[in-house]
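The working numbering numbers the first residue of the sequence shown as 686 and each following residue consecutively.
As structure tokens, the structure follows; a few thoughts come after it.
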Amino acid sequence: MKLHDYLTQQRGRTADLARAIKAHYPDVARWAAGTRVIPIRFGIPIERATGGLVTRQELFSADICRDVWPELSTTPAEETP
Numbered sequence: 686m687k688l689h690d691y692l693t694q695q696r697g698r699t700a701d702l703a704r705a706i707k708a709h710y711p712d713v714a715r716w717a718a719g720t721r722v723i724p725i726r727f728g729i730p731i732e733r734a735t736g737g738l739v740t741r742q743e744l745f746s747a748d749i750c751r752d753v754w755p756e757l758s759t760t761p762a763e764e765t766p
């Protein structure tokens, strides 16, 4: 689910999420609006605070997910002999 969709489903969710992840309310609102990039360090906290409804894969590009969180990669890693 997109962060914007999650936050607009229930009144007060932006403030609740900001408190849960220790971020500023205006930053969370800007992330949801797409006017500011979500810092990578908030990927896991957002995923946890939303109970997995908003995932890192939905917040970041596949390249970023692969580089930062290789465990999220959908392709098996090449084995070295």
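Note that beta-carbon positions come from the ideal geometry of N, C-alpha and C, so glycine has one too.
Around the beta-carbon of Y691, 16 or more other beta-carbon atoms lie within 10 Å, marking it buried. If you ignore the 5 residues before and after P730, its C-beta comes within less than 7 Å of the C-beta of I706, all in its own chain and listed in chain order. By the criterion of a C-beta distance shorter than 8 Å, I749 is surrounded in its chain by I725, once the five residues flanking it on both sides are discounted. Exposed is the label assigned to A747, since fewer than 16 other Cβ atoms lie within 10 Å of its Cβ. T735 counts as buried, since at least 16 other C-beta atoms from the protein chains shown sit within 10 angstroms of its C-beta.
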